[in-house]
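Heads up: the sequence lines are chains A, B and C, in that order. Just so you know, we're using UniProt numbering here: the first sequence kicks off at 1 and counts up by one. Just so you know, we're using UniProt numbering here: the second sequence kicks off at 1 and counts up by one. Just so you know, we're using UniProt numbering here: the third sequence kicks off at 1 and counts up by one. Cβ atoms here follow ideal geometry from the backbone N, Cα and C, with glycine treated the same way. From a predicted model like this one, the values you see are computed outputs, not experimental measurements. Following: one structure in structure tokens, then a few remarks.
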Amino acid sequence: MAAAATLRQVGAYFGRSLPRRAVLTVPSSDWKKLTKLTTFTNTDCVVLDLEDGVAETAKKLARENIFRYLNESVSKINREICVRINAVSSNHINDDVKLLKDLSTSIDCLFVPKVDTVDEMKWLADRLGSNRQYNLVLYCESARSLVDLRSILTTASSLFSLQGVVFGSDDFSADVGINGRYSLDAVELTYARQKLVTICRLFENAQPIDMVYINFKDLDGLKKQSEQGAAWGFTGKQVIHPQQVPIVQAAFSPSESSTTWAKELIEAYEKHEKEEGKGAFTFRGQTMVDKPLLRRARHILNMTR
Amino acid sequence: MAAAATLRQVGAYFGRSLPRRAVLTVPSSDWKKLTKLTTFTNTDCVVLDLEDGVAETAKKLARENIFRYLNESVSKINREICVRINAVSSNHINDDVKLLKDLSTSIDCLFVPKVDTVDEMKWLADRLGSNRQYNLVLYCESARSLVDLRSILTTASSLFSLQGVVFGSDDFSADVGINGRYSLDAVELTYARQKLVTICRLFENAQPIDMVYINFKDLDGLKKQSEQGAAWGFTGKQVIHPQQVPIVQAAFSPSESSTTWAKELIEAYEKHEKEEGKGAFTFRGQTMVDKPLLRRARHILNMTR
Amino acid sequence: MAAAATLRQVGAYFGRSLPRRAVLTVPSSDWKKLTKLTTFTNTDCVVLDLEDGVAETAKKLARENIFRYLNESVSKINREICVRINAVSSNHINDDVKLLKDLSTSIDCLFVPKVDTVDEMKWLADRLGSNRQYNLVLYCESARSLVDLRSILTTASSLFSLQGVVFGSDDFSADVGINGRYSLDAVELTYARQKLVTICRLFENAQPIDMVYINFKDLDGLKKQSEQGAAWGFTGKQVIHPQQVPIVQAAFSPSESSTTWAKELIEAYEKHEKEEGKGAFTFRGQTMVDKPLLRRARHILNMTR
């Protein structure tokens, strides 16, 4: 995974995690799909799934496939490759942890679904041990998880390299009793989505990753919801079908003008730091460059590799 | 109240409280209205009011009416009969508590308005004593109540059998300074309503009951707001006029297809439990049956008696 | 500033702070603009800015102008005159604090931007000392500030006379990653704005002051956003251009009928207090006068001087 390593360095340079615009989940029980991943060169992030995308009877096969795919010299995708294990509260977690420890190499990022409590994070860190530092993306999929999200992320970021939070809209809605046939602007989920984005921003690298658009044939609806998510502060979105990838990648990519702005601001900042030391300075005549602005510029550049 | 007792058993069977789709409040000072309640066979829940619906000068009469209605052999409604007392912070509370203690039978459910603090719940529990276990529905009607709702419900559920939370939109709006002439989708209250539903879901049986639709002649607007509330996760709605009842009952009733789905899922779950013991299992090919799903199914069945 | 003092007494009479419907910020580095302030007799509140409206190189000049304007006998505006200092976390704060202590008179109200932590409030109170009691309006402009707003206001109100909270939408959006080209109803900020209003209402005098409408040529859009803010419970709005003032002042002023209602309610309350002592009473036949209602009436009168 040399390519992913290089990408991570880019992220480090900007003090941010890797971009994860389109997050594509693939059922690990399907070997054919794993070998075809090389064609998905246009998605930022691929997640090999052990959870909801894999039938109960195929969990063992899925683990074997992941072991084979990551350890053997198969032709790999030139993108970040992650693994979504089963929930800590599920009866598959012990076998999933064993798989992670058996792998000869670290995975790029660990995706953990249905994180409801601080204790689940502690239990998982304890079981994984301290030999490897895991990048971690967790799923917020219940009322409890949303209400306690700040505590959960505080703990998660102390035990892992916290990279993001996925809003698991369907499980969240089932838990809260929200009707899953959302209106076009998903107004039912305004509170949950906007709170999640806000809480994520308390943590340097916690990217908020938006809900799935289930009707994968409605690309126009997908475009609208993706652009809404991007405008609200989400940095990426789950995708369930290859056709969704280019639309989602585009919606979460910054415009050319904002990229130019960000590049110039970072350059001006670095010049200022070298010549005059720390402290605020003016940019393009009026704008005072302060931390939020710098962070925003880095984020934009981060999204345009 | 044998009928109500039977209904409560149905609720218990599904591990949930009784459905309270339309919650009709009746001024207890009006004896004629009490005796006419037998015609309201289509509403889930009737609340005999001692609070805002009763003039200051008629509080005593209202208490006498409730005593007479619940203790004497008048022809009673075949639905849940509740009592809304005055706020714990009001100067009527001592007389209301005395009434509750004087009744020869427990009321089906106690409705407590304007609960702003944890201490009010403690005070009330202390005054009512421990001889009877009260079912309790409380009203969230201020900024303070909404902000502290989780603590309030934690305490309430430890002292009572917490059954629900009513969103008192008009008092809430007056407290917060929100203009009470809401837009059709009541966007002014998005944060309050969605937060209330989310917090309720942390407590097994706390049904979120939605705002009143004041303009009782506008049945089309009522239908829209009821359907919005149901889609957002509310399980019922306050009504102020008999004409509102059928529309609200319908909006909060599950569809036929979801009822079928829920019945089959519960059956499959019980069969699985009997034959294979605890643990997750597959349903209708793909769906993994876990707790949120089971809870959702029980909730749906609970709403279709 | 005799006029402002009189106004403050009016506020005190109603147990509320002064109205701050249109809050106009003026760059203190521009002496001409300061002397022209006398023409702004239609705005409730003028803020002499030391922060974002003043270039880095002009901070010193801006402080000198404020000193001269407030200490010398120039012709002053007959409105509340406030000063916005730089953020406590900025490297200008020591010079700004020195200016405040050097002034021969208290300013009407101190505006403090970018308050992110409780500690910033403590630090500022400590530096300003206890000789003068400062009226204070703070800005909520980041995810952290919004999430911790209740704690921040609790501390602020214990150390200062807390008067209001301004929602700094642009910095908030940059911090959270929200796209600053808001939709007409700024749906991107629903959670932040409605939470801010709700939290403010926990504190007796903390007026929630709404976001800036950047496009100052679009007066129709400004009117819509102002009316939305007023309907949501904001009591005022930041303005950046004189043309915006009358529209904003009007949108946050109560209607004639509600003013009449409020006057009569307060009169009835005072009569009741005198004749029958404490306790609830009926108004206009049906309405029970309780605290939220009284508070609402006072707020309305407060907005109509």
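- Cβ-Cβ separation between C/I199 and C/L149: approximately 5 Å, consistent with a contact (criterion under 8 Å).
- Shown here, C/R150 sits in a helix according to DSSP, grouped into three states.
- The region 17–48 of chain C contains, as complete alpha helix (DSSP H) runs of 4+ residues, the segments 31–35 (chain order).
- Within the same chain, A297 come within 6 Å of C/I266 by CB-CB distance, once the 5 residues on both sides are set aside.
- Beta-bridge pairing by DSSP links B/N135 to B/S161.
- Leaving aside the five residues that flank A/S157 on each side, the residues in its chain whose CB is nearer than 6 Å to its CB run, in chain order, F203.
- By the beta-carbon neighbour count (other beta carbons within 10 angstroms, threshold 16), A/E270 is exposed.
- Counted as a single uninterrupted DSSP element, the beta strand (DSSP E) harbouring C/I209 occupies residues 207–210.
- If you ignore the 5 residues before and after C/L128, its C-beta comes within less than 8 Å of the C-beta of V97, L100, K101, Y134, all in its own chain and listed in chain order.
- When secondary structure is reduced to three states using DSSP, C/I81 falls in the strand class.
- Not a single C-beta of chain C is nearer than 8 Å to the C-beta of B/E273.
- C/L50: not part of any alpha helix (DSSP H); DSSP gives it neither H nor E.
- Per DSSP, reduced to three states, the secondary structure at B/V166 is strand.
- In this structure, B/Q163 is the residue among B/K263, B/Q163, B/L70 with its C-alpha nearest to the C-alpha of B/P19.
- Counting only residues of its own chain and dropping the five nearest sequence neighbours on each side, B/S106 has a CB closer than 6 Å to the CB of R132.
- Look at A/L149: its C-beta is not under 8 Å from any C-beta on chain B.
- Taking a contact to require three or more Cβ pairs closer than 8 Å, the region 221–233 of chain C and the region 168–181 of chain C do not qualify as touching.
- For B/V112, the secondary structure class from DSSP, reduced to helix, strand or coil, is strand.
- Within 10 angstroms of the beta-carbon of C/L293 lie 16 or more other beta-carbons, which makes it buried.
- Non-local beta-carbon contacts of B/D171 in its own chain, meaning distances under 6 Å to residues more than five positions away in sequence, involve E141 in chain order.
- Per DSSP, the unbroken beta strand (DSSP E) holding B/G236 starts and ends at 236–239.
- For B/H299, the C-beta contacts it makes with chain A under 7 Å involve G177, in order along the chain.
- Note that the C-beta distance between A/L24 and A/T43 is below 8 Å.
- Here the alpha carbon of C/V88 sits roughly 19 Å from the alpha carbon of C/T57.
- Judged by DSSP in its simplified three-state form, B/T282 adopts strand.
- Here A/Q243 is exposed. Its C-beta has fewer than 16 other C-beta atoms within 10 Å.
- Between B/Y191 and C/Y191, the gap from beta carbon to beta carbon is short of 8 Å.
- With respect to the C-alpha of B/L153, the residue from B/K274, B/L301, B/D116 having the closest C-alpha is B/D116.
- In this model, C/A262 and C/L301 are separated by some 7 Å (Cα to Cα).
- In terms of CA proximity to B/T155, B/V118 leads the group B/E256, B/V118, B/I240.
- Per the coordinates, the alpha-carbon of B/N205 lies some 44 Å from the alpha-carbon of C/R21.
- In this structure, the CA atom of C/T38 is about 13 Å from the CA atom of C/V47.
- Of the residues assessed, C/D52 falls on the buried side of the cut-off, its CB having 16 or more other CB atoms within 10 angstroms.
- Contacts with chain A at 8 Å (Cβ-Cβ) do not include C/A231.
- Following the DSSP letters along the chain, one finds A/A58 in no alpha helix (DSSP H), marked with neither H nor E.
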